[in-house]
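I have placed the structure first, in the form of structure tokens, so that the comments after it can refer back to it.
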Amino acid sequence: MTQSNIISFLRTGINNFERGNLAVAEDNFKKILQINPRHPDALHLLGIVASQKGDKKESVRLIKKAIKFAPKIAMYYRNLGLILMDLGKAKDAITHFKKAISIDGKDADVYNDLGTALSSVGRIPEAIEAYKDSLKVNPGNPLALNNLGNDLFQTEKFNEAKEAYLKAIDIDPRYSEAHFNLANAYAASGQFEEAIDSFNATISIKPEYVEAYYNLGNALSNNGQHNEAIKNYNKAIQLKPDYAEAFSNLCEIYEKQHMLAELESAIEQARGVLPSDEPWLLYRTAQLASREKRLEDTRDILESINLESAQPRLKISCAELLAKTYDKLGQFSLAFDQFELSNQLTTEFFNNPQASAQNYMDTVVRLSDAWSSAGKVNWPSIPNSENQPSLAFLVGFPRSGTTLLDTILRSHPDVSVVEEMPMVKAMKDHLADTASPELLTELSDEQVGELRKIYFDELHSSAEVDSANKLIIDKFPLNLMNVGLIHRVFPDAKFILALRHPCDCVLSCFMQYFKVNEAMANFLDLQQSAKLYDAVMKLWEHYNNALDLEVESLKYEDLVQDLQGTVEPILNFLDLEWDDNLFDYQKTAMSRGRINTPSYNQVTQGLYTQASGRWVNYKDRIEQIIPTLEPWAEKFGYKGGA
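Take any residue in the sequence shown, count from 1 to its spot, add 35: that is its number in my numbering.
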């Protein structure tokens, strides 16, 4: 046997390997080793064959042997790294990818492999750099661009992620995974229209992409297109009949849209394909029982769910619903324990957002300090622009009944209510500084006009507003902290202050799951909630002392006892006449579709009086916050304070 025989066996082996004839290829490579047991290419290729046949450990042994005899061939290290990745040994793979790069730094694919390995062990910043190195060598690599986008997405750099995905798509317009990931980045940024378009693009390329239908359903739901969302969840279920998450989100729409017959039907369908102990199925069954006021059934179902391996969000939902069920059953100590558990789970799920909560608190305190010694502030009145609608701002501490009042007022034919849209935030962002009396006083007429334009541009882009209505009510409870800015820009605007017993208000915030942001993160801790209440109300006092505000307040407790008697003064304040449509606010709530606040299922019922005075049932569990809240209870006229 000669060198020519080795070349012949090598060529024959490679040709058969490429055709998928692994046995013939393996036989030829082994013949080479019979001639030269130290032949590195034969050892390496036998290792690749072993990997293809599923014997990864033998593959590693053979390639390591090849490296022993030829330690300067980058391809050997790369392939060893890939096989180690298949074995779940990413840390070892990283070492070999780096060795390959040290030998040949011009292979873009190895940088990409290194990025994948680094990402798999959580070394995201290093992975991002590896993908960027890959793209320096080959800027037109869509796989590296997609992977770069994925890790940028993980670090919540959504705009940079979108740029990477768009470049990948520009190179390969039919790259379905890049379209899918781009859609997810749009959704994470709140750009639901763009997300919907990108999910549809994904599906046009890959019509059987189950997750694309599911995520499209999520984007449509978040965009208020509930019927379309339902269609896409059902399509996902059609493709994957045991898709528990799709069933769950379908049920969520039915529940929040008050479509209880459809909810029951979806649960029955799910029972036919999902295990009887599937946690999502049991939770939705408990939710239906709760909506049907079968409280003991709700409790029993929730207590039976094995949540050990459940997703964090489901654990939170179960704890919250069980807590509310215990509350309705009068088992107040058990209820409080579950509310504490729900908040603890939420804190863990959102990676301990206490710092964000404190940032918000600090902002409120900073504003309060700025306004506490302002004295009386008089700003020049700037005429409204032509056709500018009248504005009123519905403010208050969260859980003060603002959603109920919103729903009642939007039943009036001359009112448009805009629910929790970011018009004031857009003005704040443009201002880019604390809205102190000094800063607001220094604003020129042109700057005020610019802020007005920003407000109305955001209003018309964020919400459908009936231009025929003479009054727009901007309902965003914690705009309470932005009253100074609002009054500077809209000096003729009126404020409706929603009040509720401070102990009930703070307890309800603690008991309610909110989407966690800087403000809402304060409600995960009872004492922090009380501190925020105190800080916000002090700021409100400072605003009232410094500014000539037009304010009408009402109490939640009065509203649920006497709707007309409580609302008529508000209407008079707003220069509106009573309209009997206001009695049909439940019909308004049902016709709204999804309500974007936690009170969605209460405002569709009759006036709900059970929440008044609830804090008394928990008095022994909230003793530590009563001294903070009692002065406010007395100030707002609650008999006996706290």
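Glycine included, C-beta positions come from ideal geometry on N, C-alpha and C.
Notebook entry, point to check: Would a C-beta distance cut-off of 8 Å place Asn173 and Ala143 closer than the cut-off?
Noted result: Against a cut-off of 8 Å, the Cβ pair of Ala143 and Asn173 comes out as a contact.
Notebook entry, point to check: With 16 other CB atoms within 10 Å as the buried threshold, where does Pro448 fall?
Noted result: Here Pro448 is exposed. Its C-beta has fewer than 16 other C-beta atoms within 10 Å.
Next item on the list: Evaluate Val638 with the Cβ neighbour count: other Cβ atoms within 10 Å of its Cβ, from every protein chain shown; 16 or more gives buried, anything less gives exposed.
Entry: For Val638, the predicted model reports a pLDDT of 44, less than 50, meaning its position is unreliable; a value from the coordinates is still stated below. Buried, by the Cβ-count rule.
Check: Is the segment 533 to 550 touching the segment 649 to 660, taking contact as three or more C-beta pairs under 8 Å?
Finding: These segments touch.
Notebook entry, point to check: Using the beta-carbon count (16 or more within 10 Å), is Pro106 buried or exposed?
Noted result: It counts as exposed.
Next item on the list: Given a cut-off of 8 Å, decide if Asn258 and Phe227 are closer than it, judged by their beta-carbon atoms.
Entry: Between Phe227 and Asn258, the gap from beta carbon to beta carbon is short of 8 Å.
Checklist line | Classification of Glu343 by the beta-carbon crowding that lies within 10 angstroms, buried from 16 upward | finding: Within 10 angstroms of the beta-carbon of Glu343 lie fewer than 16 other beta-carbons, which makes it exposed.
Notebook entry, point to check: Taking the DSSP output, what are the residues bridged to Ser588?
Noted result: In the DSSP output, where bridge partners are listed per residue, Ser588 has Leu532.
Check: When the Cα atoms are used, what is the spatial distance from Phe325 to Ala296?
Finding: The question names Phe, yet the displayed sequence has Ser at residue 325. The straight-line gap from Cα to Cα measures roughly 14 Å.
Item checked: 7 Å Cβ shell around Asn616 - same chain, five flanking residues per side excluded -> Here the set comprises Ser446, His447 and Pro448.
Item checked: Gln640, DSSP secondary structure in three states -> Low confidence applies here, because Gln640 scores a pLDDT of 49, under 50, leaving its location unreliable and the question unanswered by this model.
Check: Tell me, which residues are paired with Glu454 by DSSP?
Finding: Per DSSP, the beta bridge partners of Glu454 are Lys510.
Item checked: Collapsed DSSP secondary structure at Gly431 in the structure displayed -> Reduced to three states, the DSSP call for Gly431 is strand.
Check: Would you say the segment 480 to 497 touches the segment 446 to 465, given that touching needs at least three Cβ pairs under 8 Å?
Finding: The segment 480 to 497 makes contact with the segment 446 to 465; the number of CB pairs closer than 8 Å reaches 3 or more.
Next item on the list: Determine the burial state of Ser311: buried for a count of at least 16 other Cβ atoms within 10 Å of its Cβ, exposed for fewer.
Entry: Exposed, by the Cβ-count rule.
Next item on the list: Grab the span of the alpha helix (DSSP H) containing Val245 for me, first residue to last.
Entry: Val245 to Asn257 is the span of the alpha helix (DSSP H), which, as asked, contains Val245.
Check: alpha helix (DSSP H) containing His131: first to last residue?
Finding: Ala125 to Ile138 is the span of the alpha helix (DSSP H), which, as asked, contains His131.
Note to self: Using only the alpha-carbon positions, how far apart do Glu481 and Ser408 sit?
What the structure shows: Each residue's Cα considered, the two are about 27 Å apart.
Item checked: Candidates Gly600, Phe618, Arg649 and Leu217, of which the one nearest Arg535 by Cα -> That would be Arg649, whose Cα lies nearest to the Cα of Arg535.
Next item on the list: Just tell me which of Phe618, Glu587, Gln562 and Asp614 has its CA closest to the CA of Asp597.
Entry: Looking at the Cα atoms, Phe618 is the closest of the given residues.
Check: DSSP beta-bridge partners for Ser425?
Finding: Bridge partners of Ser425: Leu506.
Check: Excluding five sequence neighbours on each side, which residues of the same chain lie with their C-beta closer than 6 Å to the C-beta of Arg401?
Finding: Excluding residues up to 5 positions away in sequence, Thr469 lie with their Cβ nearer than 6 Å to the Cβ of Arg401 in the same chain.
Next item on the list: Helix, strand or coil for Arg629, going by three-state DSSP, please let me know.
Entry: Confidence at Arg629 is low in this model, with a pLDDT of 47, below 50, so the placement of that residue is unreliable and no value is reported for it.
Notebook entry, point to check: How is the alpha helix (DSSP H) around Gln446 delimited, first residue to last?
Noted result: Looking at the sequence provided, one finds Ser at residue 446 rather than Gln. Element bounds for Ser446: n/a, residue is neither H nor E.
Margin query: Just to confirm my understanding: we take Arg434, look at its own chain, exclude 5 residues before and 5 after, and list those with CB closer than 6 Å. What are they?
Written below: Cβ neighbours of Arg434 within its own chain (closer than 6 Å, five residues either side excluded): Cys540, Ser543 and Cys544.
Margin query: Quick check on Ser368: buried or exposed, where buried means 16 or more other Cβ atoms within 10 Å of its Cβ?
Written below: It is exposed - the Cβ of Ser368 has fewer than 16 other Cβ atoms within 10 Å.
Checklist line | Candidates Gln260, Met555, Val524 and Leu298, of which the one nearest Gln423 by Cα | finding: The option with the nearest alpha carbon to Gln423 is Val524.
Checklist line | Validate contact between the segment 556 to 571 and the segment 381 to 388 using beta carbons, cut 8 Å, 3 pairs | finding: Taking 8 Å as the limit for Cβ pairs, the verdict is that the segment 381 to 388 does touch the segment 556 to 571.
Margin query: Contact defined as beta carbons within less than 8 Å: I believe Ile443 pairs with Tyr620. What is the distance between those atoms, to the nearest angstrom?
Written below: The pair is a contact, with the Cβ atoms about 4 Å apart (cut-off 8 Å).
Checklist line | From Lys291, Ile507, Glu477 and Val156, residue whose alpha carbon lies closest to that of Ser451 | finding: Relative to the Cα of Ser451, the nearest Cα in the group Lys291, Ile507, Glu477 and Val156 belongs to Ile507.
Item checked: As assigned by DSSP and simplified to three states, the class of Thr190 -> Thr190: coil per DSSP, three-state reduction.
Next item on the list: Look at the Cβ atom of Ala125, then the Cβ atom of Ser155, and state whether they are nearer than 8 Å.
Entry: For Ala125 and Ser155, yes; Cβs fall inside 8 Å.
Note to self: Since Tyr112 and Ala135 should fall inside the 8 Å C-beta cutoff, what is the C-beta to C-beta distance between them, to a whole number of angstroms?
What the structure shows: About 4 Å separates the CB atoms of Tyr112 and Ala135; that is less than 8 Å, so the two are in contact.
Notebook entry, point to check: DSSP on Lys270, reduced to helix/strand/coil?
Noted result: The DSSP-derived three-state label of Lys270 is helix.
Next item on the list: Measure the beta-carbon distance from Lys91 to Leu122 and round it to whole angstroms, keeping in mind my assumption that it falls under 8 Å.
Entry: So it is a contact: roughly 5 Å between Cβ atoms.
Next item on the list: Below 7 Å CB to CB, which residues in the same chain sit around Glu313 once its five sequence neighbours on both sides are set aside?
Entry: These residues qualify, in order along the chain: Ala279.
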